[in-house]
Amino acid sequence: MNSTVANYFSEFESYQKMVDWLSGIAGFDTATLVMVVVISLMAFIVINAMMLVGGLGTYAERKISADLQARIGPNRVGPYGILQFLADGLKMTMKEDVTPAKADKVLFNLAPFLSLFGIFGTLAVLPISSGLALSHLNVGVFFLIAISSIVGIGIFLGGYASNSKWSMLGGMRGASQIVSYEIPVTLSVLSIVLLAGSLNFKVIVGGQTGMPTGWFIFHNPFSFMAFFVYSIAALAEANRAPFDLPEAESELVSGYHTEYTGMKFGIFALAEYIEVFVLASVAAAMFLGGYNVPFHLGGDGIIGQVLQLGAFVTKSLLIYYVVIWIRWTFPRLRADQLMVVCWKYLTPIAIFNLVGSAVWLYAFKGQSILQLVLHSGGSSAGGH
Amino acid sequence: MFHKVLIILSSALTVASAIGVLVTKDIVRACIFLFFSLFGVAGIYASLGADFVAVTQIMVYVGGVVILMLFAVMLTGGPGKESAGSKGYLLIPMMGNKITFGFGIFSGLVLLLTMAKITKSVIASVTISEVEGFASTVERIGSLLVSEHVLAFEISSILLLGALVGAAMIARPRKNV
Chain A
1 MNSTVANYFS
11 EFESYQKMVD
21 WLSGIAGFDT
31 ATLVMVVVIS
41 LMAFIVINAM
51 MLVGGLGTYA
61 ERKISADLQA
71 RIGPNRVGPY
81 GILQFLADGL
91 KMTMKEDVTP
101 AKADKVLFNL
111 APFLSLFGIF
121 GTLAVLPISS
131 GLALSHLNVG
141 VFFLIAISSI
151 VGIGIFLGGY
161 ASNSKWSMLG
171 GMRGASQIVS
181 YEIPVTLSVL
191 SIVLLAGSLN
201 FKVIVGGQTG
211 MPTGWFIFHN
221 PFSFMAFFVY
231 SIAALAEANR
241 APFDLPEAES
251 ELVSGYHTEY
261 TGMKFGIFAL
271 AEYIEVFVLA
281 SVAAAMFLGG
291 YNVPFHLGGD
301 GIIGQVLQLG
311 AFVTKSLLIY
321 YVVIWIRWTF
331 PRLRADQLMV
341 VCWKYLTPIA
351 IFNLVGSAVW
361 LYAFKGQSIL
371 QLVLHSGGSS
381 AGGH
Chain B
1001 MFHKVLIILS
1011 SALTVASAIG
1021 VLVTKDIVRA
1031 CIFLFFSLFG
1041 VAGIYASLGA
1051 DFVAVTQIMV
1061 YVGGVVILML
1071 FAVMLTGGPG
1081 KESAGSKGYL
1091 LIPMMGNKIT
1101 FGFGIFSGLV
1111 LLLTMAKITK
1121 SVIASVTISE
1131 VEGFASTVER
1141 IGSLLVSEHV
1151 LAFEISSILL
1161 LGALVGAAMI
1171 ARPRKNV
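Quick note, the sequences are listed as chains A and B, same order.
In terms of the working numbering, the first sequence has 10 at position 10, counting the first letter as 1, and numbering is strictly consecutive.
Count along the second sequence from 1, then add 1000; that gives the number in the working numbering.
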C-alpha cells in the first residue's frame, strides 16, 4: 500500500486531536492540509539532513584520502577540521559567479538545479525507517530509478550549455555512461524485486531480517552476484572513480563543470555526493537488510524508529566509506573499457542473475539457501 | 481539493511548456521545454492515481526520449543557427508564405471549434472525483500484460528486438567494403 510519513503520525492520538482542534477553529476538515504540512516539514528536514550528509561527504572524502595516502588532511577548521565543508561553502558563495560569454545562459543556470532536482526526487522514497520515510510508494524502486535519470540530463546540459570543448566531452561521456549503466543497475535491482515480490521498499525491507542470515544478499548465489553487479554499476552511475570519466581531471580539466564557478559548481558537487549516499542506501535497503534492527529491538514506537534510522544510516555510511576507499585505490578506466565493462560483462551477468533468481524462486519455492541447508540437516537428523 | 490543486498545477506546467516548445527557436531549449511538459503529464497521471503509468512516463519519456533527443542534436552537429530567420519560420523551406499560414490557422480554428461543439456534452459531464485511497496497480498491470494483452506485449517485444538488431547492423564496422 502507498503510505507516507503522515500515515505513520496519524496513528498517534495527539495527531488526531490536533486535526480535530484545527478543524474546529478553521471551520472545515483540515486533515488534508495537516497532511500536506507534515509531509512538507519532513521533506524539509530530510533534504537538510541530506545536504549535511553531502557536505560532510566532501570532508570524509578528503580525510579518508589523506588517511590512505598517509597524510593528515584538513585539520584547521573546527575539531579535526570537521567544519571544513562550511568554510568551503562560504568560500563558494562569495566567489564571483562567472557565466561564459558564448554560453546559453538559461540552460547554463538551469543545469545544476536539474541535477539536484533529480537527486532530491529520489529522497521521496528513500526507506530511512518503517515510519519516518517520506513515502512508501507501490512503485518506489521504479520511481527511484526513473527520477534519478534526470541527473543525466543535468550533467549533459551543463556540458552543452558551457560552450566549451572540455565540458562538451565531459557531458557526452557523463550522459552516455549514465544511460548505459542504468541497465545493469535496473536488472540487478529487478532480481531482488523478484525475491521480495513488490516494488515497494517497505515490502522489500520487510522481507529481510535484522540479522545477516535473513538479508537478500545471502538469499541465493544469484542475489549475492547481483549485489556486486549493482555496486559496480552504481559507482559508474554516480560518476565515481574508477568510472569518473566525465570529470577526468587529467584529460578534461574538470569535465562538465569546467566552466562553473562558485555555488553552481558547489551544487553539482553536492548532487554527486548526495547521489552516492542515495545509491549506497539503496544497496543497504535492497541487499543488506535496510532499516531492520537485530532482534526487532525497540518495537514500532518512536524509539524503534530512531533505532531503525540508526541501523539504516550505519549501513549506508559503511558502503559510503567503501566507495571513497575504491576511489583512492583504483586507477581510472578508458572510455572504451568503460563501455566494454558495461555491455559485455555487467549486462549479461545481470540478465543471467535475473533468470537465475526466477529459476531459484520456482525450484525452491522462495526459500533461501540457508533455509535449505538447515532444513536438509534437520530432516536427516530427524531420520526422514 | 488537494488533488485538484495538483492536477491544475500539472496541467499548467504541461500546457505552458508545450507552448514553450513551439515558441522557442533553439532546439535544445525546445528539448528542455519538452522535458518539463512530459513531466507535467506524469504529474497529471500521478494525481489521478495512476502511479505506475506516471513513473513509466518519467522513465520512458523524461529519462529516455529527451536524453535521446539531446544526443541526436549533439551527434548531428548541434543546432543550426542559420536555418531560422528573425521570425523563426522565414527560412524554413517548404513552409509556405503568409497566405498559407493564414489559411492554416483559419482551418485549425474551424477544426478546434467543431471538436469543441462535438465534445461539449462529454466535457461538461466530467467531474474530477477525489481519488479513493490508493490500490496497488502494479500487480493488476502485470497480470493483465501476460494474460489478456499478451499478444500486444509480445509483438512490442519483437518490434524492440528488430530495432536492436537494426541498430547493431547499422553501427557495426564494415570490414570488406
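Yeah, the Cβ is synthetic: ideal placement off N, Cα and C, and Gly gets one too.
DSSP puts residue i in a beta bridge; with which residues?
i       : result
V136(A) : According to the sequence as given, residue 136(A) is His; it is not Val. DSSP lists S3(A) as partners of H136(A).
At 7 Å on the CB atoms, spell out the chain A contacts of residue i, in chain order.
i        : result
I1058(B) : A146 and I147
R1174(B) : Within 7 Å Cβ-Cβ: nothing; R1174(B) doesn't reach chain A, min ~19 Å.
F1035(B) : I153
Counting only C-beta atoms, is residue i closer than 7 Å to chain A at any point?
i        : result
L1006(B) : no
I1067(B) : yes
G1063(B) : yes
V1138(B) : yes
V1122(B) : no
F1002(B) : yes
V1178(B) : Lying outside 1001 to 1177, the shown extent of chain B, residue 1178(B) is not represented and no answer is given.
V1055(B) : yes
A1012(B) : no
Can you tell which of the options has the C-alpha that lies nearest to the C-alpha of residue i?
i        : options                                   : result
V1005(B) : V1028(B), I1044(B) and L1022(B)           : I1044(B)
I1058(B) : S180(A), I147(A) and P184(A)              : I147(A)
G170(A)  : F295(A), P246(A) and A26(A)               : P246(A)
F1039(B) : E1148(B), K1117(B), V1028(B) and V1053(B) : V1053(B)
G356(A)  : F222(A), D244(A), F108(A) and Q367(A)     : F222(A)
G1064(B) : C1031(B), L1048(B), D1051(B) and S1047(B) : C1031(B)
S10(A)   : L132(A), G73(A), D67(A) and L110(A)       : L132(A)
L107(A)  : L1022(B), F1033(B) and L1048(B)           : F1033(B)
I274(A)  : Y181(A), Y80(A), L123(A) and V306(A)      : L123(A)
F312(A)  : F277(A), V341(A), I326(A) and G140(A)     : F277(A)
A271(A)  : G27(A), M51(A), S23(A) and F12(A)         : M51(A)
G78(A)   : G154(A), W21(A) and L56(A)                : L56(A)
L235(A)  : V373(A), M42(A) and I326(A)               : I326(A)
M92(A)   : V185(A), G266(A) and A111(A)              : G266(A)
F287(A)  : A233(A), T261(A) and A226(A)              : A226(A)
P331(A)  : S167(A), D244(A) and W166(A)              : D244(A)
Of all the CB atoms in chain B, is at least one closer than 7 Å to the CB of residue i?
i       : result
G206(A) : no
F156(A) : yes
T261(A) : no
T258(A) : no
T347(A) : no
T32(A)  : yes
State the DSSP-derived secondary structure class of residue i, mapped to helix, strand or coil.
i        : result
L328(A)  : The question names Leu, but residue 328(A) in the sequence shown is Trp. W328(A): coil per DSSP, three-state reduction.
A1194(B) : The structure shown does not extend to residue 1194(B), since chain B spans only 1001 to 1177, so no value can be given for it.
H219(A)  : coil
Y260(A)  : coil
A446(A)  : Absent from the model: residue 446(A). The displayed extent of chain A is 1 to 384, so no value can be given.
V235(A)  : Correcting the residue identity first, residue 235(A) is Leu in this sequence and not Val. Of the three classes helix, strand and coil, the one that applies to L235(A) here is helix, per DSSP.
D88(A)   : helix
G299(A)  : coil
R1140(B) : helix
T1024(B) : coil
N109(A)  : helix
P127(A)  : coil
T1119(B) : helix
F1134(B) : With a pLDDT of only 49 at F1134(B), under the threshold of 50, the placement of this residue in the model should not be trusted; the figure read from the coordinates follows. Note: F1134(B) maps to coil in three-state DSSP.
F268(A)  : helix
G152(A)  : helix
T99(A)   : coil
A1125(B) : First, the amino acid is wrong: residue 1125(B) is Ser here, not Ala. S1125(B) falls in the helix class under three-state DSSP.
P74(A)   : coil
Q208(A)  : coil
E275(A)  : helix
L1013(B) : helix
For residue i, which residues in chain A fall below 9 Å Cβ to Cβ?
i        : result
F1052(B) : N138, V139, F142 and L199
I1170(B) : The contacting residues do not exist; I1170(B) stays about 16 Å from chain A at best.
I1032(B) : V106, L107, L110, L114, I153 and L157
Kindly list, in the order they appear in chain B, the residues whose Cβ is closer than 8 Å to that of residue i.
i       : result
A175(A) : I1067, L1070 and F1071
So which residues of chain B does residue i contact, with C-beta pairs closer than 9 Å?
i       : result
Y160(A) : V1028, L1070, V1073, M1074 and G1078
Run the proximity test for residue i: is its beta-carbon closer than 6 Å to any non-hydrogen atom belonging to the ligand MN?
i       : result
W325(A) : No copy of the ligand MN appears in this structure; indeed no ligand is present at all.
How would you list, in chain order, the residues of chain B whose beta-carbon sits under 7 Å from the beta-carbon of residue i?
i       : result
G340(A) : Note that residue 340(A) is Val in the sequence shown here, rather than Gly. The contacting residues do not exist; V340(A) stays about 15 Å from chain B at best.
I359(A) : In the sequence on display, residue 359(A) carries Val and not Ile. The contacting residues do not exist; V359(A) stays about 18 Å from chain B at best.
V179(A) : I1067
M172(A) : M1074
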